[in-house]
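Protein chains in written order, with this note's numbering: chain W, 285 to 396; chain R, 285 to 396; chain G, 285 to 396; chain H, 285 to 396; chain A, 285 to 396; chain Z, 285 to 396. Before any comments, here is the structure.
As structure tokens, then:
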């Protein structure tokens with residue numbers, strides 16, 4: 285675990301970059317899928333990143349929480365929007381989403 | 285399994301209603317939690333229901349898919365918005381989200 | 285899906301029996317593990333089956349719900365004990381545990 | 285649920301085909317990802333489909349079980365290979381993999 | 285990760301406390317739900333916390349393991365009762381529950 | 285978290301060894317199950333360990349990733365075989381498998 289979630293985010297980028305180089309035949313279409321799934325459309329990119337962030341809490345994936353929280357913030361998500369996405373995850377995930385949501389809140393402090 | 289997802293939705297209501305009567309001490313605060321988590325706020329109720337729907341696909345919960353899809357539609361979600369929420373789930377869940385997303389699409393046809 | 289959860293329980297027995305015959309080298313030690321894990325000890329067998337039942341709801345495994353609910357009832361679990369195990373699952377699983385808990389309640393009606 | 289797993293497999297094809305038409309921007313790169321991930325390489329396609337099948341049991345995704353079992357059989361997987369992939373899933377998933385493994389065995393009977 | 289599970293437990297309290305302040309509208313009813321679900325009833329609070337602990341292992345949520353193990357110990361759970369709850373999780377979760385159960389055992393040493 | 289995945293693997297051995305001593309009645313049959321499930325048969329032990337490794341990524345269990353990656357390498361798995369098992373996990377798990385796959389790649393560097 286990194287000292288702060290900012291460092292954590294940087295370590296994810298480094299690791300996923302290495303994976304991209306190791307299996308480009310799989311990671312290239314995956315990147316295209318991500319680009320299509322998160323593009324501005326009927327739903328804004330910001331909304332889609334908040335959605336991916338909320339899923340990340342519900343499935344208890346800390347790397348995913350950090351990755352999609354940062355992306356949502358980069359698309360202009362506000363603190364209130366982030367907290368409401370945490371709340372939906374709690375509705376859908378109970379106690380485990382409470383503890384992962386509390387990690388998400390800590391990440392929100394570190395990344396802003 | 286019900287004949288159509290419309291019947292399926294009705295059977296969920298009946299079952300969850302019975303659970304509410306059986307354990308009101310737990311279901312009453314859960315309902316309050318749901319009300320708070322899905323209220324219009326920084327994010328619209330429609331967006332929150334699409335978020336819960338997207339989580340439902342990612343975690344492979346068919347009852348949840350039907351329940352939150354219906355709620356999103358009731359809040360005015362469009363077909364394109366629903367399909368984009370499915371797309372985010374596929375980004376976050378791979379093949380299993382493809383097959384559960386295909387069930388969601390069938391539910392979308394049945395419920396509209 | 286069977287017509288009632290009583291039929292469903294019978295179909296699980298049949299299917300798992302066939303699996304036992306197909307892979308006895310794996311299923312024999314698994315049965316010994318189950319026997320050890322669910323034996324009366326510091327916790328009663330009834331409590332352990334309720335625990336396995338509660339896990340089954342939290343992980344959304346319908347076959348498991350039916351299987352361990354029946355076992356808990358066979359060990360003398362009361363309706364209130366079953367409902368409280370459902371409640372713990374809701375605490376730990378949120379909305380998905382509500383809908384699977386509602387299936388568990390229907391199974392409770394069918395099996396008693 | 286379809287009458288047999290053969291019908292079930294056909295219904296998956298139909299549903300996933302509809303999803304492909306509904307969200308081609310996401311499903312096209314996903315198909316390329318699948319093609320790359322399941323191509324003959326250091327591991328044979330048959331092995332990779334058995335791997336995807338084993339994951340499907342471990343994560344309790346019935347549609348996925350049917351889909352990847354059929355693909356493994358099409359690549360020449362034997363009954364013993366299928367049963368050993370079920371066994372690895374039981375090692376990694378305990379009781380829930382036993383009941384989903386028993387569904388996989390039933391699918392094996394229906395598809396061969 | 286904290287140096288010991290005692291520190292880990294303290295960090296969870298701090299994080300969840302912050303989340304409570306950030307989203308009281310959701311966390312207040314969630315606390316009421318927890319209170320109702322874990323109250324002495326047909327099943328004792330100790331049993332319910334062991335149940336939540338067993339679920340935590342089965343779903344691989346380390347924060348949850350620490351949180352509910354501490355609560356079970358505070359309600360007087362014995363070492364043998366804790367180990368039997370780990371055993372039920374292994375029955376229901378296979379290998380992943382073995383490794384998370386081994387973390388739970390380490391937490392048991394640190395917290396007692 | 286240990287400094288390297290080599291240390292991490294050693295810490296898993298120590299922890300699981302302690303669990304074995306604490307609950308031998310459950311861990312002894314579990315070991316027999318593992319021995320049967322991972323024995324050379326229609327599928328080679330190497331293939332089975334790669335399968336368990338791929339499941340580990342798909343279910344986001346870091347201890348399991350390290351444990352089964354080491355076992356696969358001990359059975360002679362090549363770097364390409366490991367990367368193809370990661371690729372199948374990405375097909376079956378989307379983004380979360382990408383980030384856990386990137387941890388697996390880091391473990392591959394540390395363990396070889």
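All C-beta atoms in this analysis are idealised placements derived from N, C-alpha and C, irrespective of residue type, glycine included.
Annotated three-state conformation of residue 387 of chain R is helix, per DSSP. Think of a sphere of 7 Å around the beta carbon of residue 320 of chain W: the chain H residues whose beta carbon falls inside it are 309, 310, 313, in chain order.
Sequence-distant partners of residue 288 of chain Z (beyond 5 residues in either direction) whose C-beta falls short of 7 Å from its own C-beta, in its chain, are 394. In this structure, DSSP gives residue 312 of chain H a helical state, which the three-state scheme calls helix. Residue 374 of chain R places its beta carbon 8 Å or farther from that of residue 338 of chain W.
Around residue 344 of chain W, the same chain offers 380, 384 as residues with beta carbons nearer than 7 Å, after the five sequence neighbours per side are excluded.
Around the beta carbon of residue 324 of chain A, a 10 Å sphere encloses fewer than 16 other beta carbons of the protein chains shown; the residue is thus reported as exposed. Burial state of residue 305 of chain R is exposed, judged by a 10 Å Cβ sphere holding fewer than 16 other Cβ atoms.
Separation of the CB atoms of residue 386 of chain G and residue 299 of chain R is rounded to 4 Å, and the pair is thereby assigned contact status at 8 Å.
In this structure, the beta-carbon distance from residue 376 of chain G to residue 360 of chain W does not fall below 8 Å. Residue 396 of chain A has its alpha-carbon roughly 49 Å from the corresponding atom of residue 391 of chain H.
The alpha-carbon separation between residue 319 of chain Z and residue 286 of chain R amounts to approximately 43 Å. Taking C-beta separations shorter than 7 Å and ignoring five residues to either side along the sequence, the partners of residue 369 of chain A in its chain run 334, 337, 338, following chain order.
Judged by DSSP secondary structure, residue 348 of chain A falls within the alpha helix (DSSP H) whose first and last residues are 346 to 358. Residue R:301 holds the alpha-carbon nearest to the alpha-carbon of residue 389 of chain G among R:293, R:292, R:301, R:329.
Each residue's CA atom was taken as its position, placing residue 296 of chain H and residue 346 of chain R some 15 Å apart. For a cut-off of 8 Å, the C-beta gap from residue 314 of chain G to residue 382 of chain H is around 7 Å, short enough to register as a contact. Residue W:307 holds the alpha-carbon nearest to the alpha-carbon of residue 367 of chain Z among W:372, W:357, W:307, W:348. The beta-carbon distance between residue 372 of chain W and residue 330 of chain R, rounded to whole angstroms, is 12 Å. This is too long to meet the 8 Å contact definition.
For the 8 Å CB-CB criterion, residue 364 of chain A and residue 321 of chain G do not form a contact. Excluding the 5 residues flanking it on each side, residue 342 of chain W has same chain C-beta neighbours closer than 7 Å at 373, 376, 377, 381, in chain order.
Residue-level contact check: residue 386 of chain H touches chain G, since one or more beta carbons of chain G fall below 8 Å from its beta carbon. In the same chain as residue 350 of chain W, and ignoring 5 residues on each side of it, the C-beta atoms closer than 6 Å to its own belong to 289, 292, 293, 391, in chain order.
Contact of residue 295 of chain Z with chain R is not assigned, every C-beta pair being separated by 8 Å or more. The contact set of residue 303 of chain G on chain H, defined by CB atoms closer than 8 Å, consists of 370, 382, 385, 386, 389 in chain order.
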